[in-house]
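Peer 1: Residue numbers (this note's numbering), protein chains in the order written: chain A, 1 to 267; chain B, 268 to 615.
1. Helix, strand or coil for residue 67 (chain A)? Go by DSSP, reduced to three states.
2. Taking the runs of the alpha helix (DSSP H) that are 4 residues or longer, which of them lie wholly in the stretch 131–169 of chain A?
3. Specify, as a first and last residue, the run of the alpha helix (DSSP H) that residue 519 (chain B) falls within.
4. Less than 8 Å between the beta carbons of residue 214 (chain A) and residue 229 (chain A), yes or no?
5. Tell me where the alpha helix (DSSP H) around residue 124 (chain A) begins and ends.
6. Cβ closer than 7 Å: which chain A residues qualify as neighbours of residue 499 (chain B)?
7. Name the residues in the stretch 512–523 of chain B whose C-beta lies less than 8 Å from a C-beta of chain A; which are they?
8. Taking 7 Å as the limit between beta carbons, can you name the residues of its chain near residue 291 (chain B), skipping five residues before and five after?
9. So what does DSSP say about residue 542 (chain B), is it helix, strand or coil?
10. Would a check of beta-carbon distances place residue 316 (chain B) closer than 8 Å to chain A?
11. So what does DSSP say about residue 596 (chain B), is it helix, strand or coil?
12. With 16 as the cutoff for other CB atoms within 10 Å, does residue 124 (chain A) come out buried or exposed?
13. Can you tell me whether residue 286 (chain B) is buried or exposed? The criterion is at least 16 other CB atoms within 10 Å of its CB, across all chains shown.
14. When the distance is taken between beta carbons, is residue 111 (chain A) closer than 8 Å to residue 148 (chain A)?
15. With a 10 Å radius around its C-beta and 16 neighbouring C-beta atoms as the bar for buried, classify residue 380 (chain B) as buried or exposed.
16. What separation, rounded to the nearest whole angstrom, lies between the Cα atoms of residue 256 (chain A) and residue 527 (chain B)?
17. Does the beta-carbon of residue 549 (chain B) have 16 or more other beta-carbons within 10 angstroms, so that it is buried, or is it exposed?
18. Report yes if the C-beta distance between residue 91 (chain A) and residue 510 (chain B) is below 8 Å; otherwise report no.
19. Measure the alpha-carbon distance for residue 503 (chain B) versus residue 514 (chain B) and round it to whole angstroms.
20. For the stretch 160–227 of chain A, which segments carrying the beta strand (DSSP E) assignment without a break, of at least 3 residues, lie completely within its bounds, in sequence order?
21. State the Cα-Cα distance for the pair residue 63 (chain A) and residue 201 (chain A), rounded to the nearest angstrom.
22. Exposed or buried, what is residue 66 (chain A) when buried is set at 16 or more other beta-carbons lying within 10 Å of its beta-carbon?
23. Residue 74 (chain A) versus chain B: which residues are under 8 Å apart at the beta carbon?
24. Step through the CB atoms of chain A and report whether any lies within less than 8 Å of the CB of residue 493 (chain B).
25. Shortest alpha-carbon distance to residue 366 (chain B) belongs to which of B:393, B:443, B:428?
26. In chain B, which residues lie with their C-beta within 7 Å of the C-beta of residue 77 (chain A)?
27. Secondary structure at residue 331 (chain B), three-state DSSP: helix, strand or coil?
28. Counting beta carbon pairs with one atom in the stretch 92–109 of chain A and one in the stretch 144–162 of chain A, are three or more of them shorter than 8 Å?
29. Under 8 Å: do the stretch 182–192 of chain A and the stretch 218–227 of chain A share three or more Cβ pairs, one atom per stretch?
30. Measure from the C-beta of residue 243 (chain A) to each C-beta in chain B and report whether the shortest distance is under 8 Å.
31. Assuming contact is defined by CB atoms lying nearer than 8 Å, are residue 472 (chain B) and residue 575 (chain B) in contact in what I supplied?
32. To the nearest angstrom, how far is it from the Cα of residue 376 (chain B) to the Cα of residue 32 (chain A)?
33. For residue 336 (chain B), count neighbouring C-beta atoms within 10 Å of its own C-beta (all shown protein chains included) and say buried if the count is 16 or more, exposed if not.
34. Out of A:21, A:13, A:29, state which residue places its alpha-carbon closest to the alpha-carbon of residue 4 (chain A).
35. Please specify which runs of the alpha helix (DSSP H), each continuous and at least 4 residues long, are wholly inside the stretch 442–522 of chain B, giving them in chain order.
36. Check whether chain B comes within 8 Å of residue 83 (chain A), counting only Cβ atoms and requiring the distance to be less than that.
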């Protein structure tokens with residue numbers, strides 16, 4: 001097996017006085033799609049921010065291709081790792097085209113602001129997310145789903161071989177959720193992009209993940225193929241959810257069917 | 268979404284980028300034109316109007332006549348200072364609003380105005396300095412010290428944030444204001460100088476004043492322009508900015524240094540000229556959109572135009588007794604209210 005692209009070694013992460021993740025180890029294999037799941041507040045986003053050097057670890061280290069990410073020039077990191085944080089906000093009046101163009105910043109220098117390569121990357125990112133026709137529209141005037149795709153487009157314009165996406169499909173209707181995940185999956189299969197995502201939808205997580213990582217209280221409690229991780233026992237332990245897990249009739253991956261309180265009462 | 272990852276050249280998106288670029292170039296060119304007109308007006312109009320051909324004569328081949336003296340010794344220094352102060356306040360205001368992501372931010376928020384004021388009154392009362400050419404240095408030093416103090420106080424664990432900077436700026440300004448009051452209330456001369464300086468004026472300064480401050484303004488402008496790509500990424504939030512390979516702390520520090528040089532120099536020479544730094548970025552934003560690489564130069568030009576036109580207007584309507592600071596406050600306040608009510612303040 002090749003060396004992991006991204007590794008957390010005994011990483012300790014937190015905000016102010018509060019430690020959220022303590023002494024966690026985590027490897028992201030090359031060209032894999034890893035999806036992190038877990039209940040609200042379990043440290044998924046914190047871990048993703050730590051892996052993407054948006055949050056400096058209090059202890060331990062994050063390695064990118066075997067090198068400490070905090071020792072690498074941050075602009076070099078930005079040409080390798082694209083990070084899309086949760087619910088970013090754009091200034092009023094910023095157009096989709098300009099937003100996506102800002103994804104090219106890691107490739108630009110003060111002496112060369114805009115190149116043909118930038119132009120192509122932006123056109124590609126817009127086209128692949130279906131945003132070309134909206135390039136002239138202001139981001140703050142778009143629907144939630146279009147806005148989300150504009151941000152994803154900006155991250156794609158960065159043209160990185162690693163993508164860290166924090167809840168990329170919140171605010172989207174189911175059709176658009178599938179669109180975005182299909183896009184991410186195609187980047188993975190056609191370009192070999194390594195992807196780490198935080199997702200709330202367990203069924204979609206199971207369908208798109210090579211590796212599913214379940215977190216609880218800042219720790220990884222289970223990690224592996226979706227059908228190994230997503231068990232009724234785990235749902236009960238980690239999410240406190242009473243559910244049945246069956247094989248998804250479409251994909252064969254695990255499908256979580258929650259047993260709601262009113263159904264339990266009737267039974 | 269398209270079924271394939273093959274890049275489709277998307278001509279629509281491309282031509283939109285080019286259209287926006289030409290619109291911005293046009294805005295920039297129009298502002299340069301407006302500045303030339305404002306400069307000509309500033310040289311020609313006043314209590315004693317000088318025809319434009321006589322202005323030209325005074326510039327290129329002076330003969331020592333009355334018109335030549337008025338243009339060369341009174342209006343040129345005033346105009347040069349107005350241009351420099353306007354450029355500085357416009358650019359400083361755009362940077363300030365960008366860094367704080369606050370549409371109500373004024374460059375004075377960093378405590379620069381009160382710092383400069385304290386420097387000026389200290390120079391006059393404590394050190395007995397009376398000439399403007401000398402006490403502007405105290406003003407400038409005061410502005411720098413106040414900005415450093417605000418930046419240090421506003422830097423809590425993890426760096427300076429817009430909120431901590433604004434709070435530190437307000438606290439330091441209040442403290443300095445108290446000190447200024449204590450000093451000027453005990454000194455008649457301090458009070459007189461403070462009043463003369465504090466009204467905000469570009470009149471009565473020698474050309475040397477502009478020359479003294481020009482190096483700081485030039486450095487300030489270069490740093491301001493260098494700060495604009497970083498500011499563009501910071502406008503997307505600190506997380507996105509970091510993800511795009513920016514050092515958020517360095518970007519902020521560069522911005523604070525640029526603002527302090529620009530506004531500190533302008534304020535120490537002209538006193539706190541209200542509303543330029545607050546109003547101009549909003550008007551410029553209408554022309555350029557939220558791209559700081561265009562917004563900062565356009566706000567600078569617009570600031571210069573506004574200061575010069577306000578100064579000329581004051582001279583024409585009140586024969587040189589209405590200082591630019593007063594006129595801008597009188598015109599700027601309703602203008603700002605109109606802008607807020609008509610367009611709403613953009614989220615930035």
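Backbone N, C-alpha and C define an ideal beta-carbon position, used for all residues, glycine too. A quick note: this is a predicted structure, and the numbers were derived from the prediction, not measured.
Peer 2: A quick look at the data gives this:
1. In the first chain, residue 67 (chain A) corresponds to position 67, counting from 1. Of the three classes helix, strand and coil, the one that applies to residue 67 (chain A) here is strand, per DSSP.
2. 144–157
3. For this step, residue 519 (chain B) is matched to residue 252 along the second chain. Start and end: 515–537.
4. By one-based count along the first chain, residue 214 (chain A) stands at place 214. By one-based count along the first chain, residue 229 (chain A) stands at place 229. A contact, by the Cβ cut-off of 8 Å.
5. Mapped onto the first chain, residue 124 (chain A) falls at position 124. Residues 116–128.
6. By one-based count along the second chain, residue 499 (chain B) stands at place 232. Result: 102.
7. 512, 513, 514
8. Mapped onto the second chain, residue 291 (chain B) falls at position 24. Taken in chain order, the residues that qualify are 555, 561.
9. On the second chain, residue 542 (chain B) is found 275 positions in, with the first residue counted as 1. DSSP places residue 542 (chain B) in the coil class of the three-state scheme, outside both helix and strand.
10. Residue 316 (chain B) sits at position 49 when you count from the first residue of the second chain. Taking Cβ atoms only, chain A never reaches closer than 8 Å to residue 316 (chain B), which makes this a no.
11. To locate residue 596 (chain B), count along the second chain from 1; it is residue 329. Looking at residue 596 (chain B) - three-state DSSP - the assignment turns out to be helix.
12. One-based indexing of the first chain puts residue 124 (chain A) at position 124. Buried, by the Cβ-count rule.
13. Start at 1 with the first residue of the second chain, and residue 286 (chain B) comes out as number 19. Residue 286 (chain B) sits exposed, since fewer than 16 C-beta atoms from the chains shown fall within 10 Å of its C-beta.
14. The residue labelled residue 148 (chain A) in the question sits at position 148 within the first chain. The residue labelled residue 111 (chain A) in the question sits at position 111 within the first chain. Not a contact, by the Cβ cut-off of 8 Å.
15. In the second chain, counting from the first residue as 1, residue 380 (chain B) sits at position 113. That one is buried.
16. Locating residue 256 (chain A) in the first chain gives position 256, counting from the first residue. Locating residue 527 (chain B) in the second chain gives position 260, counting from the first residue. C-alpha separation (whole angstroms): 58 Å.
17. For this step, residue 549 (chain B) is matched to residue 282 along the second chain. By the neighbour-count rule (16 or more Cβ atoms within 10 Å), residue 549 (chain B) is buried.
18. On the first chain, residue 91 (chain A) is found 91 positions in, with the first residue counted as 1. On the second chain, residue 510 (chain B) is found 243 positions in, with the first residue counted as 1. No, Cβ-Cβ distance for residue 91 (chain A) and residue 510 (chain B) is not below 8 Å.
19. Position 236 of the second chain holds residue 503 (chain B). Position 247 of the second chain holds residue 514 (chain B). Straight-line Cα distance between these residues: approximately 14 Å.
20. 162–166, 194–198, 211–216, 219–224
21. Walking along the first chain from the start, residue 63 (chain A) turns up at place 63. Walking along the first chain from the start, residue 201 (chain A) turns up at place 201. So the two alpha carbons sit approximately 28 Å from each other.
22. Taking the first chain and counting its residues from 1, one reaches residue 66 (chain A) at position 66. Exposed, since its Cβ has fewer than 16 Cβ neighbours within 10 Å.
23. As a working note, residue 74 (chain A) is residue 74 in the first chain. Result: 509, 512, 513, 514.
24. Numbered from its first residue, the second chain carries residue 493 (chain B) at position 226. Yes - at least one Cβ of chain A is within 8 Å of the one on residue 493 (chain B).
25. One-based indexing of the second chain puts residue 366 (chain B) at position 99. If we check each option's Cα against that of residue 366 (chain B), B:428 comes out closest.
26. Stepping through the first chain from its first residue, residue 77 (chain A) is reached at position 77. Residues of chain B passing the Cβ test: 512.
27. By one-based count along the second chain, residue 331 (chain B) stands at place 64. Residue 331 (chain B): coil per DSSP, three-state reduction.
28. yes
29. No, the stretch 182–192 of chain A is not in contact with the stretch 218–227 of chain A.
30. As a first step, residue 243 (chain A) is located in the first chain; it is residue number 243 there, counting from the start. With 8 Å as the cut-off, residue 243 (chain A) does not count as an interface residue toward chain B.
31. For the purposes of this step, residue 472 (chain B) is taken as the residue at position 205 of the second chain. For the purposes of this step, residue 575 (chain B) is taken as the residue at position 308 of the second chain. No Cβ-Cβ contact shorter than 8 Å links residue 472 (chain B) with residue 575 (chain B).
32. As a working mapping, residue 376 (chain B) is identified with position 109 in the second chain. As a working mapping, residue 32 (chain A) is identified with position 32 in the first chain. C-alpha separation (whole angstroms): 49 Å.
33. For the purposes of this step, residue 336 (chain B) is identified with residue 69 of the second chain, where counting begins at 1. Residue 336 (chain B) should be labelled exposed.
34. Locating residue 4 (chain A) in the first chain gives position 4, where the first residue counts as 1. Minimum Cα distance to residue 4 (chain A) is reached at A:29.
35. 455–465, 474–501, 505–510
36. Within the first chain, residue 83 (chain A) is the residue found at index 83, counting from 1. It does: the Cβ of residue 83 (chain A) has a partner Cβ on chain B nearer than 8 Å.
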